[in-house]
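With my numbering applied, the sequence shown corresponds to residues -8 to 780, in that order. Beta carbons are placed, not taken as given, at the ideal position from N, Cα and C, and that holds for glycine. All figures in this text were calculated on a predicted structure; none of them were measured in a lab. Everything below concerns the one structure shown next.
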Amino acid sequence: METLVAKALSLFDRGIKTFLSDPTTRQGINGSSRFDPIEDRDALALICAEHPEANLEVVLGQLVEVMALEVGVGSKATASEEAFRKLCEKHGVPDTVSCAGVTGGRYYFFKYDYTVGFPDETGLKIFSDVEGLLIHPLKFSDGLVDEIGPGMAIQDIWEWLGGASKAVEDVTQDEGLLGVTEVAVPETTAGPSYEEQLSDEESSPETDQTADDAQGPVPDIILDPVALLRNEILSCVAGGGDKPAILAKALDWNRANGEPLRIAEIVTAVEELTASSTADVSPLTARDMLFKLADDMTLFSDDQSKPYFFYEGEAFSAPSTDVKNRLTHYYLKEMEDLPPKKELNAVLDILKSRARFDGPRISLFNRVGKSGDAILYDLRDKRYVQVSPKGWEIVPSFPLFRRYQHLQPQTVPLTGGDPWEVFNFLTVPKESRLLIMSYLISLFVPKIAHPVLAVCGDQGSSKSFFCSVINRLVDPTLTERVIQPKNERDLIQTLRQKYVTVLDNLSKIDNRVSDIFCQVCTGGSVSYRELYTNEGENIAQFRHVVILNSINLAIVNADLMDRSIILKLRRIEKVDRKPEHDLWEAFEASRASILGGIFDIVAKAMAIYPTVKVEQLPRLADFAKWGYAIAEALGKSGDQFLADFTQNVKRQNESVVEKNVLCQAVLTLMAEGKPFLAKVGDAHETLKSIAKQDAKDETFPKLPHLMRAALDRLRASLLEHGISYEYLDRQGAGVKILISKAASPDTPQQSSPEVVAAKVASNEPDEPDVAESEMLVFEMDEMPGAVYE
């Protein structure tokens, strides 16, 4: 395997621009980035020598005039390898620079050309946007014929696809990786014109048919005559021709290529690309140049009509300092001067207005989202993992996810991994592993209510490490574990900006914070106003994941307990302890494989989910149904998952009884099974006398009028113990409460309209179906220090 220095210099000498990035954060080293590659050979060698463990990333895009063809990556790896083989059989192996990628595939680098593409079903991908393509360090060491191919220069893709056939000595596949050995390459000729390609197809049908019969169909190459014409026109514009001369050349090109376009289309293209209605082409103004640099920008707004710019693979909230800085940088490269501030601000204001009022409205997600029938996962490197029942693949980004500065890139997953490897690093009891594995994989399913995961255990039980592993697998971030903020506004902002929030070292959670957690896990509605403005309220709705870490179970609220999974970890024995550095090193080596295995299971579960039929689903029914499908996809029993989940619910009720003074007092009152009827004030005094000193605990209502809300939170737990209660209609003597034995925990007694009998097992819709007017709404100010881009 080549060293970092050797690989970097080998690519540099072949005209490939690169930069180094930190292996943990993917941030550029020594100021280099995909926008500022390392231009000096000696500097590149020195930086590589100083940072031997760094990532090496290839820069792509129009500015460096390089694009890449990806072969052998994602769930369509086999299809892409077969499609590439057929192209090689017809056109020869491309005589261009190629390199093994960290995911087990291979990249072939060509001169930038936006006119070529391949159908999706071939699995072949062209990357031509500004990219940082990770190619080192490799995550495997066997089966490589070479890392950097024999090509000594970057080839024009049409020299390959349209050039003379080359002799192919060997095109092999080794353990899923396409490797290419040195081949004899005759001198190539320039590629044929668009007309010649058409005439070749028409003049030799018998030859083509014979080749297809012998080799199978060669993948289609998408040729866009409009794109080819625009390229021709742009070349003429760059040469300084006037509009009549450019139009004449465009018409000549159309005739020479079999007239694939109508005259009206040609005139429209010339008018658009010359950007002038006069006879001469005038130099671009500063504003025109800025609009040209922003030409690839997608303008849209979110659910709350907030404008966004999707630029170079990322969504930026408008106005955006990042977009402003990039336009300034590109303008400087083109014009060798800074853009006028007035013109730059005017262009950004115009784009912002177009995004708000003219752009499409798109629902944005954080890390995990959905588009159509597919699940999308944001790798945070301008690519997504797209999962469907047929499998998963890596696709270029499009407007779907929010961008926050604390979010970190995810490791690129490998196909064929094993998700159970995660338990090499987690000290989860064997009897809880199916439940926790199903929970972990369910976090990659968007738009469902996920239980709050309450992790507790003695010191030395690896609780914090457990939470960090889950965070790095699902939602890598600079802030893996946070302490609970002091005020509600800061807490809500933290929960809103992170898909997975791990709250560390909790002691006790009060009722207000419990209500917030309940709302966040099932679908929260947050009302806020922007600071120092009189604008109307903004509503933000989100459904994210909450993980709580504490020594003793911090949940005392029955409603939150009913939405939780409790995981108690055991203290690690001294003989089993390992240095944390070694654990993280081993985990990082396995992360890509574990992730790939998770996506394999998600795809299988998506195929199984529509067939799942369960007579009685527990609370959080969507999670339970997905958990059933995931367990089946894992090769386990869905019924076993439901049994484990139900058993965990029973432990929740036991925890409620242990930690809630009011619940204990009611159970003591009803120990003999006799009905209890009294005025609310008298009932409060009776229960208070039973609780004695414990009545000072916050789980016991301080005043009689607070008792109804406290009992409502305990309804499910009381029903589990066969106890129900009912507030009777007001009479002359005041409101009375009746506490009695219920017929069955699953069939509570009939009550007045104001009493809603809850069931532990039901087929009722999950919380997301609750009317918005019934949702808990928190009013808050916009945080002045928060990052929204």
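Quiz prompt | Unbroken alpha helix (DSSP H) run spanning Glu334, endpoints | solution = Lys332 to Phe348
Practice problem: Between the Cα of Leu469 and those of Ser459, Trp383 and Pro476, spot the shortest distance and give me the residue it belongs to. | Solution: Ser459
Quiz item: Short check: CB of Phe3 to CB of Ala59, under 8 Å?
Solution: Ala59 is positioned such that its CB atom lies no closer than 8 Å to that of Phe3.
Quiz item: How many whole angstroms separate the CB atoms of Asp495 and Val473, which I take to be in contact at a CB cut-off of 8 Å?
Solution: 7 Å
Quiz item: On the three-state DSSP scale, how would you describe Asp369?
Solution: strand
Self-check item: Every unbroken alpha helix (DSSP H) within the region 559 to 622, with a cutoff of 4 residues, ordered by chain
Solution: 571 to 599
Quiz item: So who's on the other strand from Thr468, going by DSSP bridges?
Solution: Secondary-structure assignment with DSSP links Thr468 through a beta bridge to Leu398.
Quiz item: According to DSSP, what are the bridge partners of Thr782?
Solution: Because the chain in this structure spans residues -8 to 780, residue 782 falls outside the shown range and cannot be described.
Practice problem: Counting only the same chain and skipping the five closest in sequence on each side, list residues whose C-beta sits under 7 Å from that of Pro437. | Solution: Phe356, Val359, Gly360, Lys361 and Ile366
Quiz item: Of the choices Val93, Arg699, Met143 and Leu242, whose alpha-carbon is the least far from that of Ser715?
Solution: Arg699
Exercise. Tell me whether Trp617 is buried or exposed, calling it buried when 16 or more other Cβ atoms sit within 10 Å of its Cβ.
Key: buried
Quiz item: Leaving out five residues before and five after Pro310 in sequence, what residues of the same chain have Cβ atoms less than 7 Å from its Cβ?
Solution: Leu339 and Lys343
Exercise. Please report the Cβ distance between Ile538 and Ile461, rounded to the nearest whole angstrom; I am assuming they are in contact, meaning their Cβ atoms lie under 8 Å.
Key: 7 Å
Quiz prompt | Per DSSP, the bridge partner or partners of Trp244 | solution = Paired residues: none, contrary to the question.
Quiz item: Taking the continuous beta strand (DSSP E) assigned at Pro692, which residues delimit it?
Solution: From DSSP, Pro692 is part of no beta strand (DSSP E); its letter is neither H nor E.
Quiz item: Given Pro351, which residues of its chain have a CB within under 6 Å of its CB, disregarding the five upstream and five downstream residues?
Solution: The answer, listed in chain order, is Phe291.
Quiz prompt | Sequence-distant residues of its chain with Cβ nearer than 8 Å to Pro390 (five each side left out) | solution = Within the same chain, Pro390 has close Cβ partners Thr289, Phe291, Tyr299, Phe301, Ala306, Ile353 and Leu355.
Self-check item: Gly448 - containing beta strand (DSSP E), residue span
Solution: Val443 to Gly448
Quiz prompt | Limits of the beta strand (DSSP E) - the one that Ile714 falls within | solution = Bounds of the beta strand (DSSP E) holding Ile714 are Ile714 to Tyr718.
Quiz prompt | Cβ neighbours of Ile29 in the same chain (closer than 6 Å, five flanking residues each side left out) | solution = Phe10, Ser23 and Leu35
Quiz item: Going by beta carbon distance, what residues of the same chain come within less than 7 Å of Asp449, once the five residues before and after it are set aside?
Solution: Ile542 and Arg562
Quiz item: Shortest alpha-carbon distance to Arg394 belongs to which of Arg371, Ile148 and Lys454?
Solution: Arg371
Exercise. Measuring alpha carbon to alpha carbon, tell me which of Gln399, Tyr490, Asp567 and Ala440 ends up nearest Thr418.
Key: Among Gln399, Tyr490, Asp567 and Ala440, the Cα nearest to that of Thr418 is on Asp567.
Quiz prompt | C-alpha gap between Ala(-3) and Gly6, whole angstroms | solution = Cα to Cα, the separation comes out at about 15 Å.
Self-check item: Nearest residue (CA-CA) to Gly65, options Glu48, Asn21 and Gly114
Solution: Gly114
Practice problem: Report the option in Lys421, Gln484 and Cys447 whose CA atom is closest to the CA atom of Trp411. | Solution: Lys421
Exercise. Please confirm whether any heavy atom of the ligand ZN lies closer than 7 Å to the CB of Lys234.
Key: With respect to the ligand ZN, the structure offers nothing, as it holds no ligand at all.
Practice problem: Would you kindly report the start and end of the unbroken beta strand (DSSP E) that includes His127? | Solution: Glu122 to His127
Self-check item: Cβ-Cβ distance between Leu558 and Val413 below 8 Å
Solution: no
Self-check item: Which of helix, strand or coil DSSP assigns to Leu830
Solution: Summary: the structure shown does not reach residue 830, with the chain confined to residues -8 through 780, and so no result is reported for it.
Quiz item: Looking only at its own chain, which residues have a Cβ that is under 7 Å from the Cβ of Arg345, when we skip the five neighbours before and after it?
Solution: Leu290
Exercise. Assign Thr(-6) to one of three DSSP states: helix, strand, or coil.
Key: In the displayed model, Thr(-6) falls within coil according to three-state DSSP, outside both helix and strand.
Quiz item: Given that a residue counts as buried once 16 or more other Cβ atoms are within 10 Å of its Cβ, and exposed if not, what is Thr87?
Solution: buried
Quiz item: At which residues does the alpha helix (DSSP H) containing Ile427 begin and terminate?
Solution: Arg424 to Ser433
Quiz prompt | Collapsed DSSP secondary structure at Leu323 in the structure displayed | solution = helix
Practice problem: In angstroms with no decimal places, state the Cα-to-Cα distance between Glu334 and Arg278. | Solution: 6 Å
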